[in-house]
Structures are given as structure tokens and as C-alpha cells.
Amino acid sequence: MPKVLLLNGPNLNLLGNREPEIYGSTTLEEIEGKVESILREHKIDCEIFQSNSEGELIDWIQKNRGADFMLLNPGALAHTSIGLRDAVIGIEIPFIEIHLSNVFKREEFRHNSYFSDVAIGALTGLGEKGYQLAAEFAIDYIEQKLNNNQGS
Ligand code: DQA
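Taking our numbering, the leading residue of the sequence shown gets 1, the next gets one more, and so forth.
What follows is the structure in C-alpha cells.
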């Protein structure tokens with residue numbers, strides 16, 4: 001069964017309570033459940049992880065080498081972490097970068113991301129919907145890959 005990784009970085013465990021005017025009132029658990037059910041309808045497995053620690057995120061990514069796609073919200077590490085960037089590049093899994101808030105409308109230090117130039121694409125400012133759209137993109141991507149493999 002194809003596998004998609006859903007990975008969230010620091011402080012995203014606080015979703016629902018954390019600055020709801022910026023991040024909305026949906027919890028991370030609700031987002032994860034929704035993504036998992038969208039993928040399951042298409043017979044795609046979903047591995048889910050969140051951590052506040054850069055090292056744990058890197059270890060988890062390395063452990064999951066071989067998955068077909070990744071949905072990644074690096075949180076603040078988007079703007080700071082070359083280590084996490086290198087891990088993502090190292091495992092060679094195509095991925096979409098997600099931010100609930102529109103980082104370009106916010107402080108200047110959020111305008112740079114160490115992930116956008118190596119991601120397939122980025123969704124920023126669409127709230128929880130960004131995760132659902134990214135999951136739908138992952139489904140198309142994987143189905144296309146499977147079709148291409150059957151054709152060759
Ligand atoms: C975020 C944006 C980041 O700048 C911030 O540090 C986060 C959340 C978002 O989803 O909008 O923790 O990644």
C-alpha cells in the first residue's frame with residue numbers, strides 16, 4: 001500500500017488553543033484525522049508524527065525513508081533549520097510544504113523558508129484546508145506514479 005507521511009513541527013501540538021485568530025480553532029488531532037481519512041478512501045496509508053524537537057523530527061524522517069509522499073508543516077523550523085532541510089533532501093521523498101497562516105503577510109523573518117525551493121509546492125494561508133488540499137494532491141501524484149509504472 002502506498003504511504004504518505006504527515007509531519008508537523010514545533011508548537012503545532014497546541015493548535016486549537018494557540019493564537020486561534022492566526023491558526024484557527026481546529027486541533028492537530030482533527031487535522032490528522034481528516035487527512036488520514038481522505039487518504040484511506042484511496043487506499044493510501046498515512047504515518048503521522050509531531051514533535052517540538054528538531055532532532056526527533058530528523059530521526060523520524062530518516063526512519064521513514066521509502067514513503068511515497070510527505071505533507072510537511074515545519075512550523076518555525078521552516079525559517080531556521082538547515083538540518084531538517086538536509087534530512088528532507090536526504091530521503092528523496094517528494095513533499096508539499098504547508099503553513100496554516102500566510103507567512104508572507106506576517107513578520108519578515110517568516111518570509112524565508114528552507115523548504116520551499118526543494119518542495120514540489122507550498123500552501124500557505126489556507127488554514128486547515130491546506131492540509132486537505134495537500135492530501136488530495138498527494139493522491140493524484142501517487143496515482144499518476146502508479147499508472148506510469150504500470151505503463152512501462
Ligand atoms: C506556521 C508558520 C510559522 O511561521 C510558525 O512558526 C508556526 C506555524 C503555520 O502553520 O502557519 O509555528 O508553520
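Just so you know, even glycine gets a beta-carbon here, dropped at the ideal spot from N, CA and C.
Taking Leu71 as the centre and dropping the five residues before and after it, the same chain places the C-beta of Val4, Leu5, Leu6, Leu7, Val35, Phe95, Ile96, Ile98, Tyr131, Ala134, Ala135 and Ala138 closer than 8 Å to its C-beta, in chain order.
For Ala78, the distance from the CB to the nearest heavy atom of the ligand DQA is below 7 Å. For Asp68, no alpha helix (DSSP H) segment is defined, and its DSSP state is neither H nor E. Fewer than three Cβ pairs drawn from the region 107-116 and the region 36-45 lie within less than 8 Å of each other, which leaves the two stretches out of contact. Collapsing the DSSP output to three states places Ile120 in coil. DSSP places Asn17 outside both helix and strand once states are collapsed to three, so it counts as coil.
Annotation note: the region 38-116 contains the following uninterrupted alpha helix (DSSP H) runs of length 4 or greater, listed N- to C-terminal: 54-63 and 82-91. Residue burial annotation: Gln62 is exposed, with fewer than 16 other C-beta atoms found within 10 angstroms of its C-beta. In the three-state DSSP reduction, Asn11 falls in the coil class, being neither helix nor strand. Each residue's CA atom was taken as its position, placing Ser113 and Gly125 some 14 Å apart. The region 22-32 and the region 86-95 do not touch, with fewer than 3 CB-CB distances between them shorter than 8 Å.
In the DSSP secondary-structure assignment, Leu146 is not bridged to any residue. Between the ligand DQA and His42, a heavy atom-to-CB distance of less than 7 Å is absent. Pairing Ile120 with Leu84 gives a Cβ-Cβ distance that is not under 8 Å.
In the displayed model, Leu28 falls within a helix according to three-state DSSP.
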